[in-house]
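Trainee:
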Amino acid sequence: MYTAFKDHLANQLKEIEEAGLFKNERVIISPQGAEIELDTGRKVLNFCSNNYLGLSNNPDLIEAAKRALDDHGYGMSSVRFICGTTDLHKKLEKKIAGFFNTEDTILYAACFDANGGVFEPLLTSEDAIISDALNHASIIDGVRLCKAQRYRYENADMEDLETQLQLAQEQKFRLIVTDGVFSMDGNVAPLKKIVELANLYNAMVMVDESHSAGVVGETGRGVTELYDIMGQVEIITGTLGKAFGGAIGGFTTGRKEIIEFLRQRSRPYLFSNSIPPLVAAAGIKLVDMMTKTNTLQDKLHRNSEYFISRMTSLGFDIKPTKSAICAVMLYDARLSQEFAAKLLDEGIYVIGFYYPVVPKGQARIRVQLSAAHETEHLDKAIGAFGKIGKELGILKK
Amino acid sequence: MSYSNKVKDFYRHQLSEIQNAGIYKEERFIHSSQAADIEVEFPSGASVRKVINMCSNNYLGLSSHPEVLKAAHEGLEKRGYGMSSVRFICGTQDIHRELENRVTEFLGTEDTILFPSCMDANAGVFEAILTSEDIMISDRLVHASIIDGMRLCSAQHDTFKHSNMEHLEEKLQLHADKRIKLVITDGVFSMDGDLAKLDEMVQLCEKYDAMILVDDSHSSGFIGRTGRGTHEYFNAIGKIDIITTTFGKALGGASGGCVSGRKEIVQMCRQRARPYLFSNTISPVIIAGVLKVFDILSSSTERRDKLEINAAWWRKGLTEAGFIIKEGNSPIIPVMLFNAKLSQDFSKDLYNEGIYAIGFFFPVVPNGQARIRTQISAGHETHHLEKALNAFIKVGKKYEILGLTKEQITAKYGM
Amino acid sequence: MQRNGEKKSGIFPLLKMINSNTKPNCLLNMEDTKELVRNYVIREYLEEGEDITYDSPLISSGYVDSFSMVSLLVFLENKFKIKIPPEKATPEAFDSVNKIVELVNKYINK
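Residue numbers (our numbering), protein chains in the order written: chain A, 48 to 444; chain B, 33 to 447; chain C, 223 to 332.
(1) Less than 8 Å between CB atoms is the rule here; does C/K245 satisfy it with respect to chain B?
(2) Report yes if the C-beta distance between A/Y260 and A/F291 is below 8 Å; otherwise report no.
(3) At 8 Å on the CB atoms, spell out the chain A contacts of B/A104, in chain order.
(4) Work out the CA separation of A/L92 and A/C373 for me, nearest whole Å.
(5) Given a threshold of 16 other Cβ atoms within 10 Å of its Cβ, counted over all protein chains shown, does B/H415 qualify as buried or as exposed?
(6) Alpha carbons only, please: which of B/K239, B/D209, B/D241, B/H194 is nearest the one belonging to B/G225?
(7) Can you tell me which residues form a DSSP beta bridge with A/G297?
(8) Between which two residues does the alpha helix (DSSP H) containing C/R260 stretch?
(9) Between B/V100 and B/I297, what straight-line distance do the alpha-carbon atoms span, to the nearest angstrom?
(10) With three or more beta-carbon pairs closer than 8 Å as the criterion, would you say the region 405–419 of chain A touches the region 92–102 of chain A?
(11) For B/D226, go through chain C and note every residue whose CB falls closer than 9 Å to its CB, in chain order.
(12) If we cut at 8 Å on Cβ distances, does A/H258 have a partner in chain B?
(13) Return helix, strand or coil for B/I84, following the three-state DSSP convention.
(14) Report the option in B/S292, B/A103, B/L146, B/A208 whose CA atom is closest to the CA atom of B/G123.
(15) Can you tell me where the alpha helix (DSSP H) holding B/V72 begins and where it ends?
(16) Can you check whether the CB of A/K141 is closer than 8 Å to the CB of A/D174?
(17) Verify the CB distance criterion: does B/Y113 have a CB-CB separation below 8 Å to chain A?
(18) So B/G293 is in the beta strand (DSSP E); what residue range does that whole segment cover?
(19) Residues of the region 276–293 of chain C with a CB closer than 7 Å to any CB of chain B: list them in chain order, please.
(20) How many Å lie between A/D107 and A/R268 at the Cα?
(21) Candidates B/N196, B/G280, B/V174: which alpha carbon is nearest B/V246's?
(22) Taking DSSP as the reference, what is the three-state secondary structure of B/M182?
(23) Distance check for C/E299 and A/S190, CA to CA, integer angstroms please.
(24) How would you write the range of the alpha helix (DSSP H) that A/C373 sits in, first residue to last?
(25) Starting from A/N93, trace the beta strand (DSSP E) in both directions and tell me its first and last residue.
(26) Inspect the CB distances between the region 212–231 of chain A and the region 165–174 of chain A and report whether three or more fall short of 8 Å.
(27) Let me confirm a value: C/S288 is counted as buried when at least 16 other C-beta atoms fall within 10 Å, else exposed. Which label applies?
(28) Grab the span of the beta strand (DSSP E) containing A/A236 for me, first residue to last.
(29) Which residue's Cα is closest to the Cα of A/K366: A/F386, A/V235, A/S313, A/V224?
(30) Tell me whether the beta-carbon of B/N154 lies closer than 8 Å to the beta-carbon of B/I178.
(31) Using 8 Å as the limit for Cβ to Cβ distance, is B/H189 near chain C?
(32) Does DSSP put B/A389 in a helix, in a strand, or in coil?
(33) Out of A/I63, A/A157, A/S360, A/F386, point me to the one whose CA is closest to A/T284's CA.
(34) Any residues in the region 325–349 of chain A with a beta carbon nearer than 8 Å to a beta carbon of chain B? Which ones, in chain order?
(35) So the candidates are B/L206, B/M197, B/M151; which of them puts its Cα closest to the Cα of B/D180?
(36) Which value, in whole angstroms, describes the spacing of the CA atoms of C/L249 and B/Q205?
Spelled out as structure tokens, the structure:
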């Protein structure tokens, strides 16, 4: 039954390894934070988590989660519409809508599911989806599950977007979809221009704020805040699994009718488990924290500026970025892994990014800054990057 | 504004069509932990009622178990709230590995990979291992998440009549020329509660050199003598190439899923499965809870035994009272009402009697097949089931359906 | 499962033709094509005792759902050696034997 396939897969795995593309996991034995402990016993500085605001081990969130465990139990064991909705879920949905200045919110187990489940219910083969070429994999999968006509524009290329919008005039409804911050490069989508074009060509706009909520914008409300267009985008999808605590959970927030319709038809919502109350409770606490003060967002912005400017001065090839993502381009997959391994020896935890997460020949080390980083952490990382960069001949000595 | 009135009206219109067809889903709000007794607010704004829950996936009653809660508390303290990372970057703790090993041992497979949910496991597994030279041959009633996973895969696809082994054999013959044949089924089917004929399927797969995938979400923890799943029930441990299942039902109910099976298949998922590469790792607090669930299950079969007894009692009670139920050997027991509105009215009346069970109708089940899908739990005590049965009988009498056949019920209420 | 008295593993002419992979005789006329498709649908999707005409709604009646429709598509493509583009293989185009044959004829001469 399995023997022939086993050999086939074993060969495939060998090929992946030989091409230098095999992914190994490192094992961590501490909570997530600026400093983490590996199972080898080493303590290292983490520069590649989505823990942008340093909240993944925050005592207030933990306290809120614990209270919810005691009041509401561990799991819901149900999809939302059967017996999987508590007051905490509804409260979190309202809070998220308030935070993003939208009308309503629907929760999912992950933003991967939010994106997977948004297009199919809303659009038919008579409609058009116009998608940025570098959108996240989850958006690509969501679009693949939908029968709408597909248009694609080059990353952040507004002229190309306009061309696609013109072509899509023959469809009934048009939806432009873009990441807020592109996850592999760190650049911010030119959302103001996108909304202008959308108005001109009668299209709706959807933004995935997974790498921008909590990160970008004066109070961390994401790209719509950054460009002062809050409330002007029809659909925002986002996650609680990055800046907002890092546990699980995702959401779609936007116009009332759209959200209501998703509740009736979105497949991950209808067929997948409701998030546990402890996550909803921590989410509520988090939105309250974000609304009260900007200290974390400010620190993250300062850290990002500090790190990116110094890395650029050193001579590294950094993708243009306005977020907390700093993509250090190395191009060759094996080189990216070697660089990362040497950095680990210096006590800096990063990993090489290579195919299939980025295109072939575009390998990099994707550094992610956090409000949990202190200046001495940043200096240590910059020093290590400089040292290894010279050692491996990437920087001039 | 690009969200023109045209678009708004379009969705408003669609929503009122759903409402007019009587298939609008309303949310109900649970004010307590998930358990046999729950507190519900329905509709929104109504006063909270204490009712008996007959429709959760909390089969083993572990979703609020004190030991599981304690383990979750400890998990928060020791390993933090979230990882903010996908697995392969910095999202793997020792406890993730530990859980994978525990699942492998429990299911009797070679290796396991965790996913944020079984929905994601199903979405990712096919595309990671099959190409256009292969074929997926699925039962027609497989879960929606499997359907979506197959749609994302470039392999060819065919279906066979639900649980029809002759038809499956025909398909295996028809597609003999394909490189890989993967037969796909649920272990227990979620809407009808019947078990897949895994013994016959394994035989056919061996005969025609095909592989087999089973989604055991509604079996893991309680089907089979020690609750290992449908494959244990059919003495097929070690013969299933891929098992997908969830921790969001019997195994704690919080979140998480997995693919478990042949070593190379799991390894390929680690290298290629998109939800694994691009979605957040399961958070430590959840992992801690599931590990405790496995501790509880390995120490005794008490819970799954009680569940089996409860389910048998419930089936017998409903059948003797004159209800039409689907035959089966699982704790999913659909009470067939056929008409969508009847199922909703029945559910509302049950609610007034203190029983929480909701109507299932199109598109979740086919048109004309509406039902109340009851799900039994090890958390149910005899008094719960007795009260529930009495309520069902009382409401059944009100609608005069006890002892009627399908034709008689549909004649009375329409399809 | 028995159907109208024929044997389970039928040695039954039309069954053979349905299951064979050779292109039907190109002199197969419209009526025979419709009958071929109708019999396939009955065998593949209907329960014992159920029957359909060339005009019976297949998808909208629930006999064939959009998921299991793929089996019908596989049959048509193999049987008639055609390729139906995914955007044309819609529930509307497959909703009756007549409509299916109409669709098949569009691609059969390409």
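Glycine included, every Cβ here is placed at the ideal spot set by N, Cα and C.
Mentor: Result, derived from the coordinates:
(1) Since pLDDT at C/K245 reaches only 48, below the 50 mark, its modelled position is unreliable, and the value read off the structure follows with that caveat. No, no contact with chain B.
(2) It is Ala, not Tyr, that sits at residue 260 of chain A in the sequence shown. Yes, Cβ-Cβ distance for A/A260 and A/F291 is below 8 Å.
(3) L116, Y121, L325
(4) 16 Å
(5) exposed
(6) B/H194
(7) A/Y155, A/T286
(8) 252–267
(9) 31 Å
(10) yes
(11) Residues of chain C passing the Cβ test: none, with the nearest at roughly 16 Å.
(12) no
(13) strand
(14) B/L146
(15) Not the alpha helix (DSSP H): B/V72 falls in the beta strand (DSSP E), residues 69–73.
(16) no
(17) yes
(18) 289–293
(19) G284, F289, S290, V292, S293
(20) 21 Å
(21) B/V174
(22) helix
(23) Looking at the sequence itself, residue 190 of chain A is Val, so the reference to Ser does not match. So the alpha carbons of these two residues sit roughly 26 Å apart.
(24) Unbroken run through A/C373 is the beta strand (DSSP E), 372–378; no alpha helix (DSSP H).
(25) 90–93
(26) yes
(27) exposed
(28) Neither: A/A236 is in no beta strand (DSSP E) and is coded neither H nor E.
(29) A/V235
(30) yes
(31) yes
(32) coil
(33) A/A157
(34) L325, V326, A329
(35) B/M151
(36) Unreliable placement is indicated for C/L249, whose pLDDT of 46 sits below 50; no coordinate value is reported for it.
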